[in-house]
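What follows is a set of notes on a single structure, which appears directly below.
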């Protein structure tokens, strides 16, 4: 149980274009999902918290106009990287918790490797 | 501010050579401490949750323990397939998760 699916696993795009990444909770409903970014050999950096039916909460230093988050249903959150630039190239990972109890673990998708050329 | 550090940064073991990974933390109030395994190019895979000092959890060759200031992940007789990055994270009473930088484990045949 507690499977999180992320798509696509890899994407290459040209500078200036937009890319959408999907994150789905397959066997549970997630009112909250989390988007992380990971640089090589570094740990996870929380970018934003996605809330179903309301606006996302962004961490300090994360541009909300560049990283658009939509959480339209209890099983789907999307991250759109707008006007992508090479410095946006990174590994993006989403996660969610089964909302049964407050200290349940985060379950992660398999990540999306974004390369901006 | 919650902080998590992990040591060593990298560890190379021979197959069968047992060892331990350390996770030290400072947190305003610990709701839970979590261990994850991450393979290259993949998302972290949940291993254990520990909630209070003295608690232990086991899964195959892995055993996690918790004190008030740190957690250890003991690996007994590791195999090459145990090679991965092991991440530790704490959750505080504000529901925030803070991840450590990880320990890259290589188990050589």
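Protein chains in written order, with the numbering used here: chain A, 6 to 122; chain W, 108 to 216.
For each residue, glycine too, the CB sits at the ideal point set by N, CA and C.
Validate contact between the stretch 140-155 of chain W and the stretch 187-196 of chain W using beta carbons, cut 8 Å, 3 pairs: yes
Chain W within 8 Å of residue 91 of chain A, Cβ atoms only: Position 86 of the first chain holds residue 91 of chain A. Residue 91 of chain A does not count as touching chain W.
According to DSSP, residues forming a beta bridge with residue 4 of chain A: Outside the displayed range of chain A (6 to 122) lies residue 4 of chain A, so it cannot be described from this structure.
Short Cβ contact (8 Å threshold) for residue 110 of chain A with residue 102 of chain A: Here residue 110 of chain A refers to the residue found at position 105 of the first chain. Here residue 102 of chain A refers to the residue found at position 97 of the first chain. Yes, Cβ-Cβ distance for residue 110 of chain A and residue 102 of chain A is below 8 Å.
Residue span of the beta strand (DSSP E) that contains residue 143 of chain W, given as start and end: If you number the second chain from 1, residue 143 of chain W lands on position 36. Where residue 143 of chain W is concerned, the enclosing beta strand (DSSP E) stretches over 137-145.
Reference residue 109 of chain W, options W:122, W:213 and W:198, closest by Cα: To locate residue 109 of chain W, count along the second chain from 1; it is residue 2. That would be W:198, whose Cα lies nearest to the Cα of residue 109 of chain W.
For residue 60 of chain A, the first and last residue of its enclosing beta strand (DSSP E): Translated into the one-based positions of the first chain, residue 60 of chain A becomes position 55. That residue, residue 60 of chain A, is in no beta strand (DSSP E); it is neither H nor E in DSSP.
Candidates W:184, W:175, W:143 and W:166, of which the one nearest residue 217 of chain W by Cα: The structure shown does not extend to residue 217 of chain W, since chain W is modelled only from 108 through 216, so no value can be given for it.
Under 8 Å between C-beta atoms of residue 81 of chain A and residue 97 of chain A: The count along the first chain starts at 1 and reaches residue 81 of chain A at position 76. The count along the first chain starts at 1 and reaches residue 97 of chain A at position 92. No, these two residues do not count as a Cβ contact at 8 Å.
Three-state secondary structure assigned by DSSP to residue 162 of chain W: Position 55 of the second chain, counted from the start, is the residue given in the question as residue 162 of chain W. Here residue 162 of chain W sits in coil by DSSP.
Environment of residue 184 of chain W [buried if 16+ CB atoms lie within 10 Å]: Numbered from its first residue, the second chain carries residue 184 of chain W at position 77. Exposed is the call here.
Residue range of the beta strand (DSSP E) that includes residue 199 of chain W: Residue 199 of chain W sits at position 92 when you count from the first residue of the second chain. Start and end: 191-199.
Reduced DSSP category for residue 92 of chain A - H, G, I as helix; E, B as strand; rest coil: As a first step, residue 92 of chain A must be located in the first chain, where it is residue number 87. In this structure, residue 92 of chain A counts as helix in the three-state DSSP scheme.
C-alpha distance - residue 28 of chain A paired with residue 9 of chain A, whole-angstrom precision: In the first chain, counting from the first residue as 1, residue 28 of chain A sits at position 23. In the first chain, counting from the first residue as 1, residue 9 of chain A sits at position 4. Using only the alpha carbons, I get a separation of about 7 Å.
Proximity winner among W:182, W:212 and W:207, relative to residue 134 of chain W (alpha-carbon distances): Translated into positions along the second chain, residue 134 of chain W becomes position 27. Here the closest residue by C-alpha is W:207.
For residue 188 of chain W, three-class secondary structure by DSSP: The residue you call residue 188 of chain W lines up with position 81 of the second chain. It is helical.
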